[in-house]
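J.:
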Amino acid sequence: MNAERSFLTQEWYVAATSDEVDAEALFQRKLLGVSVLIYRDAQGNPVAMQDRCPHRFAPLSQGKRHGDEIACPYHALQFNSKGFCTHNPHGKGALPGKQVVRTFPIVEKHGFLWIWMDEAEADFDKLPHYGPLDQGPATGIAHTYMKLPVNYRMILDNVMDLSHVDHVHGEIISTRGKLSPLIPNVEETETTVSASWEWEQTPPILILNQFLPRPEDAARHWIKVTWSAPGNIQLSLFCAQDDTPVNEGPGQYDLHSVTPEDENTTHYFFCTRRNHIEDDAEYNAFKIAAMHDAFENEDGPLIIKTEKEMGGEDFFDLKPMLLSNDLAAVKVRRRLRDMVEAEMEPEVAIAAE
Amino acid sequence: MNAERSFLTQEWYVAATSDEVDAEALFQRKLLGVSVLIYRDAQGNPVAMQDRCPHRFAPLSQGKRHGDEIACPYHALQFNSKGFCTHNPHGKGALPGKQVVRTFPIVEKHGFLWIWMDEAEADFDKLPHYGPLDQGPATGIAHTYMKLPVNYRMILDNVMDLSHVDHVHGEIISTRGKLSPLIPNVEETETTVSASWEWEQTPPILILNQFLPRPEDAARHWIKVTWSAPGNIQLSLFCAQDDTPVNEGPGQYDLHSVTPEDENTTHYFFCTRRNHIEDDAEYNAFKIAAMHDAFENEDGPLIIKTEKEMGGEDFFDLKPMLLSNDLAAVKVRRRLRDMVEAEMEPEVAIAAE
Amino acid sequence: MNAERSFLTQEWYVAATSDEVDAEALFQRKLLGVSVLIYRDAQGNPVAMQDRCPHRFAPLSQGKRHGDEIACPYHALQFNSKGFCTHNPHGKGALPGKQVVRTFPIVEKHGFLWIWMDEAEADFDKLPHYGPLDQGPATGIAHTYMKLPVNYRMILDNVMDLSHVDHVHGEIISTRGKLSPLIPNVEETETTVSASWEWEQTPPILILNQFLPRPEDAARHWIKVTWSAPGNIQLSLFCAQDDTPVNEGPGQYDLHSVTPEDENTTHYFFCTRRNHIEDDAEYNAFKIAAMHDAFENEDGPLIIKTEKEMGGEDFFDLKPMLLSNDLAAVKVRRRLRDMVEAEMEPEVAIAAE
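Chains as they are written, first to last, in my numbering: chain Z, 1 to 353; chain R, 354 to 706; chain L, 707 to 1059.
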């Protein structure tokens, strides 16, 4: 069973966007195969626990809030945010006096709720940090979410290898054929794999050219994607003209993050922070909707069909004909495979005893 | 394979309500994993046989009646109610002269059709008897049926433990918080497990209070559920004021009965006999519709979600945090587990030879 | 795994009707478990290749045509009809210089496209030949296709045993009860199994009687079905009056051919060539539509329900009560079973090494 797990568990994963869990909601989402209830306490702090009453296993997310506590929808046992039963309307009302619902560490950061699902103690040093997301007004950053019926690695492949941009997407983000022929600059650290591309194109990329001094003239462009475990890819896209350093021109700093619902379904979150017309809430909404729609209508259907063609077989077993642009994506797949194996080794050792 | 069977087979199960199988119908239902054809002969007696022609396995329920005989829809072989082929329009019309379609003992009782599915000889001593269902006019009893995508034990759990009533259902059957705190009186015999609750509440339960002398005043209440194998629960609910014995006040005598379609789907039948306004056909229809809707809209969805949260794991393996009200329901689960094991032992012995 | 394969692979199968693949189409169909792209080159010759880019496995049928070449929808690698990569827009544009997409021999004949799916070299001697299909005007032959959720053998059973005709179908092709009582004349050769029936009926079969000298008078009738591997059944139906030899009267010469999509789903193709009002395109369309609808509405639903009743068990394991009319159909099942076993023996031998 464990041998077939493709994802890491001793990591922080995005469970929801901050906006998805409002002050009153009993929000439910299946993460890493486990059904989770997420809500906010009176202070607005997120709480996460297994969405399953320990009595007869009804989903607590179908129950009722009483302040910061949740009453089960079936027999009204009530639980606090630490997973203790605080009220039992049955018999003499005895309480177990110990934690009876599994809780999960959950942290709000960069407009996302990050959860630690593993039974091992949460490692707060592993919590991702993407400082630039927090720099600028609220109307300069937007978040979105979608769910896809594919293994999470299919989405990482797609974002790590941007050579598909001119072939899958429309005019609006065309590199005019300039990106594909480039050999990406692939860099690795102990915890990251990145790929970057630099080129000049005319006219500049259409989502940004209107913010350049001369929208129709050639501009230098730079994209960089940086993966870190388990499923975060930070993507920067900037362009500039004249003597402006490319990363000081108009551009955007995005985070793509994937969380397995299970082996076959993936929660896909992303957000984008931009450095132009940052105070326009309407443009902000338009911007994220356009990105969401591009993925949903262009990458998404293709990735789904592609995985179906793979027929459940392992990517490497299918002996892919790899190209220079695949280098970073393949490195990520290999890192994940090795990290998952390392994570499971203790389990295997125990099972073999 | 057998080791995973959760239900008994050497028992009588409800196959259908009497009303579901009219004089002309070729009624089909899958019971205990087997597709069954049920119809009535010219005398109105029910007939049950495997819904599969022995020739090329077409479903006989798609065929045509010729009096008490059934012609297969594919090649028109004709069979009588004993499972013998009586007409063969092919070649020289040879007939096998022995039973070729499996038949099942089926008995009409209490407005239900009871079937014996096991290959062992039907044990008529095991046929349930609920005398009070037959006492009173036809307009004082009503039957209903629904199908649920859960293992049959989830429904037994729900009916054996009524402490959920105030939490799942609306005002109309509220005990005003009185039932939950009670420790039920659990009794066992060799063939039954029962639980009963007695309490006083004001106003009396709203489905009955209008039939009491003083509808708004306190009344004594009594509920008793009695399970017997394989999946029958007789439920009595009565209330009374003054010196009237509680079981002589207004009330109802119900039978809930579950029949596995297979391990994951259950046919749920119930009927209710009442001792008030017994001659009102319109009220009769209203009464059963209200009970049907309460289960379909309130218990049903919750039970489905609860089983989903159990993720296919065994109830006891999940280590439920049991409460005093669970005692009878848990005793039923244990009895069924032991009885199924006992039923399978001979099979296992044969397989091991 | 292989032990469960029920179909032959070293054979020619119908992949599509000629009409389904027009000059421009990138036509996709799953055949024998493999997703196949079919299109026509500039000369109109059919091309078939695995519908999977060797790079990241996107379906090529979602891509774009550039003349006779196909560009992958994901990263625009371009392939010719021999499965060679001819253009790589990435990096330095290196080309592998060998075949990278699996291609399949595909031949157009009798209005169908026939494909060889096995890895063994295509055996052109096995390509079926049904000469009469090609004799006569284009308006005297029509083709159709439908897909059924059953194993392919269920359809062969249905066509090889026509004793169901009077029981499943309507007046229009009734034999007035004459066919069923006949013992078919079953003949075998090394590569075929056939069954034929001869009888006289009044009025003659209604689809043909209007083309006889005296439409309401008795006529001699003859039907013959001839199976050959893997799933072709040639069906002839003729009738005549007076001294005309039966096969010179009005009639039709049909081909039924089944191709497994996989073990549980079958592509069913058939065509009919007639020798009466051969120049009427409207009648031609009506004729094939009527045959298509009869199967879709009458045989099809029954076969689907029949297979469901078989519950995934092997036909012979269920011990069918066979009749004289089943002889040819059963011979075909046994031949196929033996041929599949023979085909797999080398594989088993290799696996056991």
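C-beta atoms are modelled at their ideal positions from N, C-alpha and C, and glycine is treated no differently.
If you follow the alpha helix (DSSP H) that residue 286 of chain Z is part of, which residue opens it and which one closes it?
T.: 281–294
J.: In chain order, what residues of the same chain lie with their CB nearer than 8 Å to the CB of residue 1037 of chain L, ignoring the 5 residues before and after it?
T.: Scanning its chain for C-beta atoms nearer than 8 Å, with the 5 sequence neighbours on each side dropped, one finds around residue 1037 of chain L the residues 892, 894, 899, in chain order.
J.: With a 10 Å radius around its C-beta and 16 neighbouring C-beta atoms as the bar for buried, classify residue 286 of chain Z as buried or exposed.
T.: exposed
J.: Applying a beta-carbon distance threshold of less than 8 Å, which residues of chain Z neighbour residue 794 of chain L?
T.: 323
J.: Please determine, among L/812, L/780, L/802, the residue with the shortest C-alpha to C-alpha distance to residue 723 of chain L.
T.: The residue from L/812, L/780, L/802 with its alpha-carbon nearest to that of residue 723 of chain L is L/812.
J.: Where does residue 554 of chain R sit, in a helix, a strand or coil, going by DSSP?
T.: strand
J.: What does the Cβ neighbour count give for residue 44 of chain Z, buried or exposed, with the cut at 16 atoms within 10 Å?
T.: exposed
J.: Please classify residue 923 of chain L as buried or exposed, where buried requires at least 16 other C-beta atoms within 10 Å of its C-beta.
T.: By the 10 Å Cβ count, residue 923 of chain L comes out exposed.
J.: Which residues share a DSSP beta bridge with residue 592 of chain R?
T.: Per DSSP, the beta bridge partners of residue 592 of chain R are R/574.
J.: Hey, does residue 427 of chain R have any beta-carbon neighbour from chain L nearer than 9 Å?
T.: For residue 427 of chain R, the answer is yes, since a Cβ of chain L falls inside 9 Å of its Cβ.
J.: So with Cβ pairs under 9 Å, would you call residue 181 of chain Z a contact of chain L?
T.: yes
J.: Kindly indicate the opening and closing residues of the alpha helix (DSSP H) around residue 306 of chain Z.
T.: Its alpha helix (DSSP H) spans residues 300–310.
J.: Where does the unbroken alpha helix (DSSP H) through residue 859 of chain L begin, and where does it stop?
T.: 858–866
J.: I'd like the span of the alpha helix (DSSP H) that includes residue 36 of chain Z, first residue to last.
T.: Counting along the chain, residue 36 of chain Z falls outside any alpha helix (DSSP H), though it belongs to the beta strand (DSSP E) covering 34–40.
J.: From the DSSP output, in three-state form, read off residue 920 of chain L for me.
T.: coil
J.: Looking at the unbroken alpha helix (DSSP H) that takes in residue 519 of chain R, where does it start and where does it end?
T.: For residue 519 of chain R, the enclosing alpha helix (DSSP H) begins and ends at 518–521.
J.: With DSSP run on the structure shown, which of helix, strand or coil describes residue 488 of chain R?
T.: coil
J.: Where residue 707 of chain L and residue 37 of chain Z are concerned, what is the direct C-alpha to C-alpha distance, given to the nearest angstrom?
T.: Confidence at residue 707 of chain L is low in this model, with a pLDDT of 30, below 50, so its placement is unreliable and the value that follows should be read with caution. Distance between the alpha carbons of residue 707 of chain L and residue 37 of chain Z: 41 Å.
J.: Can you tell me which residues form a DSSP beta bridge with residue 848 of chain L?
T.: L/978
J.: Give the residues from the region 95–110 of chain Z that approach chain R closer than 9 Å (Cβ to any Cβ), ordered along the chain.
T.: 96, 100
J.: How is the beta strand (DSSP E) around residue 752 of chain L delimited, first residue to last?
T.: 752–756
J.: Counting pairs of beta carbons, one from the region 676–694 of chain R and one from the region 766–782 of chain L, are three or more of them closer than 8 Å?
T.: no
J.: Can you tell me the Cβ-Cβ gap for residue 155 of chain Z and residue 259 of chain Z, rounded? I've got them flagged as a contact below 8 Å.
T.: The pair is not a contact, with the Cβ atoms about 10 Å apart (cut-off 8 Å).
J.: Counting only C-beta atoms, is residue 36 of chain Z closer than 9 Å to chain L at any point?
T.: no
J.: With a Cβ-Cβ cutoff of 9 Å, do residue 781 of chain L and residue 167 of chain Z count as a contact?
T.: Yes, they are a contact pair.
J.: Does any C-beta atom of chain R lie closer than 9 Å to the C-beta of residue 52 of chain Z?
T.: Yes, because at least one Cβ of chain R sits closer than 9 Å to the Cβ of residue 52 of chain Z.
J.: Looking only at DSSP bridge pairs, what is residue 604 of chain R linked to?
T.: R/591
J.: Measuring alpha carbon to alpha carbon, tell me which of Z/220, Z/210, Z/251, Z/339 ends up nearest residue 235 of chain Z.
T.: Z/251
J.: 9 Å is my cut-off, CB to CB: does residue 444 of chain R come that close to chain L?
T.: yes
J.: Using the Cβ count rule (16 or more neighbours within 10 Å means buried), how would you classify residue 901 of chain L?
T.: Result: buried.
J.: Along the chain, where does the beta strand (DSSP E) that runs through residue 814 of chain L open and close?
T.: 812–815
J.: Which same chain residues, not among the five before or five after residue 768 of chain L, have their C-beta less than 6 Å away from its C-beta?
T.: 779
J.: Kindly list the residues whose CB is nearer than 8 Å to the CB of residue 22 of chain Z, restricted to its own chain and excluding five residues on each side of it in sequence; keep chain order.
T.: For residue 22 of chain Z, where only same-chain residues beyond five positions count, the Cβ hits under 8 Å are 40.
J.: What separation, rounded to the nearest whole angstrom, lies between the Cα atoms of residue 836 of chain L and residue 937 of chain L?
T.: Distance between residue 836 of chain L and residue 937 of chain L, taken at the CA atoms: about 14 Å.
J.: Under DSSP, the beta strand (DSSP E) around residue 477 of chain R begins and ends at which residues?
T.: Per DSSP, residue 477 of chain R lies in no beta strand (DSSP E) segment and is marked neither H nor E.
J.: Taking contact to mean at least 3 C-beta pairs separated by less than 8 Å, is the region 356–366 of chain R in contact with the region 447–456 of chain R?
T.: no
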